[in-house]
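A.B. asks: Okay, so the sequence shown: first residue is 1 according to my numbering, each after it adds one. Even glycine gets a Cβ: it sits at the ideal position worked out from N, Cα and C. Please read all numbers here as calculations on a predicted model, not as lab measurements.
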Amino acid sequence: MSRFSLHVEPEHKRPLTFARRWGTSMGLWGTGAGIMALYLLSVTPLVKREFLSKVPVIGGYWADKTPASDKPF
Numbered sequence: 001m002s003r004f005s006l007h008v009e010p011e012h013k014r015p016l017t018f019a020r021r022w023g024t025s026m027g028l029w030g031t032g033a034g035i036m037a038l039y040l041l042s043v044t045p046l047v048k049r050e051f052l053s054k055v056p057v058i059g060g061y062w063a064d065k066t067p068a069s070d071k072p073f
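1) For K71, which of V57, H7, P45, P56 has the nearest alpha-carbon?
2) Helix, strand or coil for K54, going by three-state DSSP, please let me know.
3) Report yes if the CB atom of R53 is closer than 9 Å to the CB atom of A37, and no otherwise.
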């Protein structure tokens, strides 16, 4: 005959267990989604001007160096 043993987890440890189990996965998926959104939106002038050109090391790649006389608008 088999024995049935019930291991009840205390109520105060459930959120911690949930966060530990899913936090890393959700963080990685969120980071990937954010990078993909920046990649897809990197062609829009607003994202280039307000976000990508202000990145400390590689922001100069997206900086607009076109003189004002050559811009149509």
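C.D. replies: On the basis of the supplied data:
1) Stepping through the sequence shown from its first residue, residue 71 is reached at position 71. Checking every option, the nearest Cα to that of K71 belongs to P45.
2) As a first step, residue 54 is located in the sequence shown; it is residue number 54 there, counting from the start. The answer is helix: DSSP assigns K54 an H, G or I state.
3) As a first step, residue 53 is located in the sequence shown; it is residue number 53 there, counting from the start. As a first step, residue 37 is located in the sequence shown; it is residue number 37 there, counting from the start. Per the sequence presented here, residue 53 reads as Ser, with Arg not at that position. Not in contact: S53 and A37 (Cβ atoms no closer than 9 Å).
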